[in-house]
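Novice:
Protein chains in written order, with our numbering: chain A, 1 to 198; chain B, 199 to 500; chain C, 501 to 1264.
1. Could you say if the segment 165 to 172 of chain A and the segment 89 to 97 of chain A meet the contact criterion of at least three C-beta pairs nearer than 8 Å?
2. Going by other Cβ atoms of all chains shown within 10 Å of its Cβ, with 16 needed for buried, is residue 1304 of chain C buried or exposed?
3. Per DSSP, which one or two residues make a beta bridge with residue 133 of chain A?
4. Work out the CA separation of residue 1086 of chain C and residue 552 of chain C for me, nearest whole Å.
5. What do you reckon, are the CB atoms on residue 73 of chain A and residue 53 of chain A nearer than 9 Å?
6. Taking the beta strand (DSSP E) that residue 1109 of chain C belongs to, which residues open and close that run?
7. State yes or no: is the beta carbon of residue 216 of chain B nearer than 9 Å to at least one beta carbon in chain C?
8. Just mark residue 1048 of chain C as buried or exposed, buried being the case when its beta carbon has 16 or more other beta carbons within 10 Å.
9. Measure the C-alpha to C-alpha separation of residue 128 of chain A and residue 164 of chain A and round it to an integer number of angstroms.
10. Roughly how many angstroms separate the alpha carbons of residue 950 of chain C and residue 623 of chain C, rounded to a whole number?
11. Put residue 722 of chain C into one of helix, strand or coil per three-state DSSP.
12. With DSSP run on the structure shown, which of helix, strand or coil describes residue 409 of chain B?
13. When DSSP builds the beta bridges, which residues end up paired with residue 143 of chain A?
14. List, in chain order, every chain C residue whose beta-carbon is nearer than 7 Å to that of residue 306 of chain B.
15. Could you tell me which residues DSSP puts in a beta bridge with residue 591 of chain C?
16. Pull up the distance between the alpha-carbon of residue 257 of chain B and that of residue 1206 of chain C, whole angstroms please.
17. Indicate whether at least one CB of chain C lies closer than 9 Å to the CB of residue 399 of chain B.
18. Determine the chain A residues that contact residue 336 of chain B at a beta-carbon separation under 9 Å, and present them in chain order.
19. Can you name the residues that DSSP bridges to residue 1127 of chain C?
20. Starting from residue 74 of chain A and walking both ways along the beta strand (DSSP E), at which residues does that stretch end?
21. Give me the DSSP bridge partner(s) of residue 236 of chain B.
22. So, at 8 Å on beta carbons, what are the nonlocal neighbours of residue 964 of chain C in its own chain, with the 5 sequence-adjacent residues on each side left out?
23. Three or more C-beta pairs under 8 Å: does that hold for the segment 671 to 681 of chain C against the segment 861 to 874 of chain C?
24. With 9 Å as the limit, tell me which residues of the segment 1176 to 1205 of chain C have their beta carbon closer than that to any beta carbon of chain A; keep them in chain order.
25. Between the alpha carbons of residue 858 of chain C and residue 893 of chain C, how many angstroms are there, rounded?
26. In this structure, how does DSSP classify residue 85 of chain A when only helix, strand and coil are distinguished?
27. Look up residue 1008 of chain C in the DSSP assignment and say whether it is helix, strand or coil.
28. Reducing DSSP to helix, strand and coil, say where residue 45 of chain A ends up.
29. If you drop the 5 nearest sequence neighbours on each side, which residues of the same chain put their C-beta closer than 6 Å to that of residue 854 of chain C?
30. When the distance is taken between beta carbons, is residue 683 of chain C closer than 9 Å to residue 567 of chain C?
31. For residue 751 of chain C, count the other beta carbons within 10 Å of its own beta carbon; 16 or more makes it buried, fewer makes it exposed. Which is it?
32. In chain B, which residues lie with their C-beta within 7 Å of the C-beta of residue 1230 of chain C?
33. Assign residue 666 of chain C to one of three DSSP states: helix, strand, or coil.
34. Buried or exposed: where does residue 1245 of chain C fall if 16 or more other Cβ atoms within 10 Å of its Cβ makes it buried?
35. Please return the same chain residues whose Cβ sits closer than 6 Å to the Cβ of residue 500 of chain B, not counting the five positions on each side in sequence.
36. Assuming the contact rule is C-beta atoms closer than 8 Å, residue 814 of chain C and residue 915 of chain C should be a hit. Round their C-beta distance to whole Å, please.
Shown next, in the form of structure tokens:
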């Protein structure tokens, strides 16, 4: 075999330069497409409408929908998530003409403190949902596995209620997620609220 | 003064000395040994039920994770010191690749993009393209950048240099992946670590070999500037294909008796992939070298 | 090159071989894990439904009483004894902690708190409902998980010598659940519960059943609850062996005799028949509440010490009356009842009947100390029916609160049937124009005359006999008739009349018949109401009115059909001429299942209108046909029905205990560790995975794994029902299957319940 003696450090050819540039561009473009694909998959929604209550909304596809309960009119849970299932629910309560959102928030707090473990209201504030003024309640509690025969630690859950009085009823929109991932999950709730009509 | 006609004798035959380390041989040796050790470990643990003391097992698991690196040092790096023209910068390539993997690649994929979280429930084609456009492209691009800007073009002298540097980069990257796996899954036994080592080796070696072909041809052949990006795409695609296929093969079927996964399929698949990739890329290299040789010979005749 | 590769390869293969051998040598022996699945599917289910109950004083949180109970519904109803759960002097605790056996073989673990929702102190039965978590947090009905439970036997399907299983906690919660195999040795009849009031039980190896198992279940081979193990509460001042001091209840820094002694109860040999518990459970499961709104104007109060008198034997019981009075019984006698009068008894009174045969104690026929279920005063019986007795002289002694209260004259069983003169089967009524006795037999209207008819046998002409009538426990001396028997030919029935001056006043009457000054037969009847033909009109004008809520006024218009439902129903009836203290029975049923039956002394004025009751349930009355029945002396005097909603009880789809109990573990195949928080979705047999659109009403059940990856499907799966299963969790490949169908045969092959699954999930 003939001893090759290539000359190291020779300048790059045009082809090599363009090739490198194309490769970098391709990689970035592909990564962009991948991230877009991710956004599409995680942001897929299903439509829901309840004419009886008067709500129309989109919710994340693949979340478990339940509308047969006396506690709420609409509830979705992310069942594919390990740990506490991130939940969005809408419930309605009758109110009088004198009832304010703050009254509803106080009633909620009183009833929850009896049923939710270590329930604490973090803060109550005012805000708007679109053009509608709302009461916003942040709270936390410990969620426990319901089966007594299984062994699970409590999960610290952070929740956020948006309360408003519309058409003679209090509408309570609740978002609950594991406290550690509340901020990560919150954009889902924001998207949900953006699509919500009532 | 006397004059004598020199005898008409043939000039002495030039010594056939190949001054570089033979990359293919090292690669095949490393691959066979890795597959052998991982395969035996898997079989011993899965079917015989070996039960080592915890400390010994932890050590063994760590050795398994470092196995590609150890074998690369033994068969590639040491061998490099015994040849007349050793390749320089292999350590740097491997080290920087590992650093880039640890600092950018693995966190970007596992923590930021998290394809396994949102792709696991999707259809097979979506999963393939999803992994290709995320984990695959990130991994292959990082390795490419390390080889391109750290090793080459100064170090690229012959085609096989491309393989040597790309494999060094792959070993660095896969070692980080192995270590991440071992440290994040302390309960994983040697059998499952072997399985992962084989898996990471298959995607990294296959991807890097494909990428090396693109680099080699771009540097030493007269090819389109689109070949290198195309090989990056192909390497990423191989990643996208292998990741879901491997887990899909190992995944269980739910029956009344439960759902027992079949990791043996995974071992066989990963081993198959790495050998097929070596064989295929070797073939391409041989074809190109042969074409070049023919071209050179025909050129010298004319 | 290939030669070099081959050589290197050979070297490494040899090295690998040696390494493998070395690894094998230093590795420990491999132990295959054996699955410990109980071959008896019933016992495992029964054990999980058995709970340990601790009654605690809230003031200083010290234990006051302990016992066992059985979950009888999926939503947390627990059937147990009243004596260790209902607040009383001996058990003054006001919190009931419920501990469950989470793992068979381990002591119970406290998980919940419960409240008494139904109780009958006399029957010593209580129905608890789990209402709070262990920490006192309220548990709404929806938030309580579906709990394992045992259904009540619809009728007593066990017989004498049948194999039974008794389950309970053998001590104060330190030990694992005890499951004892045994046999049913006999039934003991009592007036309050009929022929099968009590089940006499014995373990196979005659092992003693500890008192803390009181309240636990007795189960048939089919796994149905047929009885409640019952021991009487230990009276205060008992020996220390019957109670234990475990806590410093007076907080003096010492645990000694000054601290509360937790009663353990005596050894158990008897169980209360489940038939007595059915009304409680029915009312509890439907959350029905019955409130009597009519204010009592009279209260029956005990005066003086409890007493037992006039013990005698009878061979049979008809309408709670003795057929005749026995002094001896022929060989082969299979029914014998001890009758006696009682006064001043209370539900807290503990009574006991000890039986001897030829002087030796007979455990099978005796009744250990149990609570009194007969009210204040009346005629009581206890005995056995349909159980052949050995020959011998039988002695019966009745103890009240540990003191001998009465000893019946011994009765000889054996020998041939004697042709002795005898009166029997006394019934009461009014004679019509043709001389026929009409009426309901044991309830007569107010009027001038009461007539009794009785059967006579082997009477000879001229034989001396006497009849005497009593009114409210006092003999009417003027009614005594003594004379010589006159031959009536082939006719074996005779009559005698009572015509008191001033007519028959409302109250309790008795006729005693003597032959040669020896009691031969007696019969009780009640006079109440006005006369309508031969019958008594006591209760009239039953009406129902609906109300929108518990506090809302009922509508004015009565009705018997409310198709759009009712939250609360008020029931009214008028009554006439009932003497205060007369025992009357109020019975409510829904869809022919009794949920309320109480026999109590009449406490309202003698006559009146609109005796008012309120029937309600939280959230409104369940659909069904509700029937109100009014009885005296077990004679139905008035009844009426009201239909709510569709007139039929809704089918509770969760109320199913039979089937496949599915549980398992979901693990990561690579780490072999359980994965927490994974949803195991069991899709209804009506849908396939393809049809599943992630709506909760498509699910049959949903289980979430715990921190070790274990899950339990809380509803039993129906056999041969093709469910679909879906396991999806982020980061792992999904698993799903349609046609997940388990047959009885398959379950048996797997070793019975629970059916266990190991699911390995794979990551990318």
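Every residue, glycine too, gets a C-beta built ideally from N, C-alpha and C.
Given the structure is predicted, the values throughout are model-derived calculations rather than measurements.
Specialist: By the coordinates alone:
1. The segment 165 to 172 of chain A makes contact with the segment 89 to 97 of chain A: 3 or more CB pairs, one atom from each, lie closer than 8 Å.
2. Because residue 1304 of chain C is not part of the residues shown, which for chain C are 501 to 1264, the question remains open.
3. Answer is A:128, bridged to residue 133 of chain A.
4. Rounded to whole angstroms, the gap between the alpha carbons of residue 552 of chain C and residue 1086 of chain C is 33 Å.
5. For residue 73 of chain A and residue 53 of chain A, yes; Cβs fall inside 9 Å.
6. First-last of the beta strand (DSSP E) with residue 1109 of chain C: 1108 to 1116.
7. No, its Cβ sits nowhere closer than 9 Å to a Cβ of chain C.
8. The residue is exposed, with fewer than 16 neighbouring Cβ atoms inside 10 Å.
9. Straight across, the Cα-Cα distance linking residue 128 of chain A with residue 164 of chain A is about 9 Å.
10. Near 34 Å, if we compare the C-alpha coordinates of residue 623 of chain C and residue 950 of chain C.
11. It is coil, neither helix nor strand.
12. Residue 409 of chain B: helix per DSSP, three-state reduction.
13. Answer is A:155, bridged to residue 143 of chain A.
14. Think of a sphere of 7 Å around the beta carbon of residue 306 of chain B: no beta carbon from chain C falls inside it, the nearest being about 16 Å out.
15. The secondary-structure analysis by DSSP pairs residue 591 of chain C with nothing; it has no beta-bridge partner.
16. Rounded to the nearest angstrom, the two C-alpha atoms are 31 Å apart.
17. Not one chain C Cβ lies under 9 Å of residue 399 of chain B.
18. Residues of chain A passing the Cβ test: 27, 31 and 34.
19. Answer by DSSP bridge pairing, in chain order: C:1089 and C:1141.
20. Its beta strand (DSSP E) spans residues 74 to 77.
21. Looking at the DSSP assignment, residue 236 of chain B forms no beta bridge with any residue, so it has no partner.
22. Once the five neighbours on either side are set aside, the close Cβ partners of residue 964 of chain C are 982, 983, 984, 985, 1015, 1016 and 1017.
23. Too few Cβ pairs lie closer than 8 Å, so no.
24. Answer in chain order: 1176, 1177, 1178, 1179, 1181, 1193, 1194, 1195, 1196, 1197, 1199, 1202, 1203, 1204 and 1205.
25. The straight-line gap from Cα to Cα measures roughly 5 Å.
26. Residue 85 of chain A falls in the coil class under three-state DSSP.
27. Three-state DSSP puts residue 1008 of chain C in a strand.
28. Three-state DSSP puts residue 45 of chain A in a strand.
29. Cβ neighbours of residue 854 of chain C within its own chain (closer than 6 Å, five residues either side excluded): 866 and 897.
30. No, they are not a contact pair.
31. So residue 751 of chain C ends up on the exposed side.
32. Within 7 Å Cβ-Cβ: 315 and 318.
33. If DSSP states are grouped into helix, strand and coil, residue 666 of chain C belongs with the strands.
34. Classification of residue 1245 of chain C: exposed, given that the 10 Å Cβ count is below 16.
35. With a pLDDT of 47 at residue 500 of chain B, under the threshold of 50, the modelled position of that residue is not reliable, and the figure given next carries that caveat. No residues qualify anywhere along the chain.
36. The Cβ separation is near 19 Å, so there is no contact.
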